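Worksheet: one structure, shown below.
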Amino acid sequence: MGASTTRTERANGTATAKPQTDHRGAGRAEDADESDRGSEAEPLRAARRPSIWFEIVLVLVFYAVYSAIRNAVPEQRVQALNNADWVWRTEHLLGIAVEDTINHAADSVTWLILTMNYYYATLHFVVTVVVLAWLYHSHPGRYAATRLVVFATTAIALLGYYLFPLAPPRLMRGDEFIDTVQVHQTWGSMASGNLADMSNQYAAMPSMHIGWSVWCGITIAALAKPLWVRVLGALYPLVTLTVIVCTANHFWLDAVGGVICLAFGFALSWGWYGGVAYRLPRLAATPAPA
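Numbering (the numbering used here), first residue to last: 23 to 312.
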């Protein structure tokens, strides 16, 4: 009798447990359908949406600190000019020293070089901020990891400014290059003219115009949905490279330095978050207020 009762209870227990198992299975299927939202059972550092005000303050403070450190690095004018001569000789050995020809050709078309001067002075900041804002709004689960790439890239660039002061082509000895901002009196640039004293003029290696623009281009191409937006993202760093050379603000090798710094940023983000930033869950729950 007891054994029979036990078998009955076990049977009932099994019958009762089965719907729970099915329920859990349904839950797992639902979780799979909403994988972009992440998993509470397997938390990811990136799967959080930071406070918008915290992010605004963080970005502003970071850029202020970066600018202060960059401008506090001793300019070392003589060393920077010597390094520029070395880079120029190296590019001649590599057969890529054509920046002077490109610079003179662009300067001969006034409307083109004026557009490039304003591009150089403004879009470097504007596009980067816009992409960060877009990430925060549309890809909050990936925002922190991609933001870390920018921060790490920019931080490592400071070592380059300190260890390898470099004059841009427009400030080299001789008259091989044209300082297009000074010649055309372009408004808004801190590279030449009356605003030059507010910025370290001998911090050309690596180029953060390239480091940031390549980050923007990769981010847009990887995460945007419309094809035309992805195409614009891919073109943006190429246009930026053209601009920095035409305006004689950087050598080709400065751009290479910017890409190397960006690779460091991606590597650090990958190591910290355990994966490629763009493959993290897209959505993330807003943290509850403290």
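Yeah, the Cβ is synthetic: ideal placement off N, Cα and C, and Gly gets one too. Model, not experiment: these values are computed from the prediction.
Contact with chain B by residue i, beta-carbon distance below 9 Å
{"i": "P259", "result": "Protein chains in the displayed structure number just one, and chain B is not present."}
Distance between beta carbons of residue j and residue i, contact taken as under 8 Å
{"i": "M138", "j": "A127", "result": "Not confirmed; about 12 Å, so no contact."}
{"i": "R92", "j": "L180", "result": "6 Å"}
{"i": "F84", "j": "T175", "result": "With 8 Å as the limit, F84 and T175 do not qualify as a contact, their Cβ atoms being about 12 Å apart."}
{"i": "I232", "j": "L263", "result": "6 Å"}
{"i": "A166", "j": "P72", "result": "7 Å"}
{"i": "V281", "j": "V236", "result": "6 Å"}
{"i": "R7", "j": "R304", "result": "Examination of residue 7 is not possible in this model, given that the chain is present from 23 through 312 alone."}
{"i": "C283", "j": "V149", "result": "So it is not a contact: roughly 18 Å between Cβ atoms."}
{"i": "A225", "j": "Y183", "result": "4 Å"}
{"i": "A299", "j": "T168", "result": "5 Å"}
{"i": "F186", "j": "M230", "result": "Their Cβ separation, rounded to whole angstroms, is 14 Å, which puts F186 and M230 out of contact at 8 Å."}
Cβ neighbour criterion (16 or more within 10 Å) applied to residue i
{"i": "E52", "result": "With a pLDDT of only 42 at E52, under 50, the local geometry of the prediction cannot be trusted, and the value read off the model is given with reservation. The residue in question, E52, is exposed, as its Cβ has fewer than 16 Cβ neighbours within 10 Å."}
{"i": "Q223", "result": "buried"}
{"i": "D276", "result": "buried"}
{"i": "G196", "result": "exposed"}
{"i": "P162", "result": "buried"}
{"i": "L245", "result": "buried"}
{"i": "D201", "result": "buried"}
{"i": "I78", "result": "exposed"}
{"i": "A102", "result": "buried"}
{"i": "A289", "result": "exposed"}
{"i": "F199", "result": "buried"}
Extent of the continuous alpha helix (DSSP H) to which residue i belongs
{"i": "H14", "result": "Past the edges of the chain, shown from 23 to 312, lies residue 14, and the structure says nothing about it."}
{"i": "S235", "result": "M230 to L245"}
{"i": "H126", "result": "E121 to D129"}
Three-state class that DSSP yields for residue i in the structure shown
{"i": "A189", "result": "coil"}
{"i": "A225", "result": "strand"}
{"i": "R195", "result": "coil"}
{"i": "Q101", "result": "helix"}
{"i": "L305", "result": "coil"}
{"i": "D276", "result": "helix"}
{"i": "D201", "result": "coil"}
{"i": "I118", "result": "coil"}
{"i": "G163", "result": "helix"}
{"i": "S89", "result": "helix"}
{"i": "G287", "result": "helix"}
{"i": "T132", "result": "helix"}
{"i": "V298", "result": "coil"}
{"i": "P259", "result": "helix"}
{"i": "T208", "result": "coil"}
{"i": "G293", "result": "helix"}
Contact test: residue i Cβ vs the ligand HEM heavy atom, cutoff 8 Å
{"i": "F288", "result": "Because no ligand of any kind appears in the structure shown, any question about the ligand HEM cannot be addressed here."}
### Message
Closer than 8 Å is the cut-off here; do at least three beta carbon pairs connect the stretch 269–276 with the stretch 178–197?
### Response
yes
### Query
With a cut-off of 8 Å, do at least 3 Cβ pairs link the stretch 200–207 to the stretch 103–119?
no
### Message
Between the stretch 136–152 and the stretch 284–301, can you find at least three pairs of beta-carbon atoms closer than 8 Å?
### Response
The stretch 284–301 makes no contact with the stretch 136–152, as fewer than three CB pairs between them are under 8 Å.
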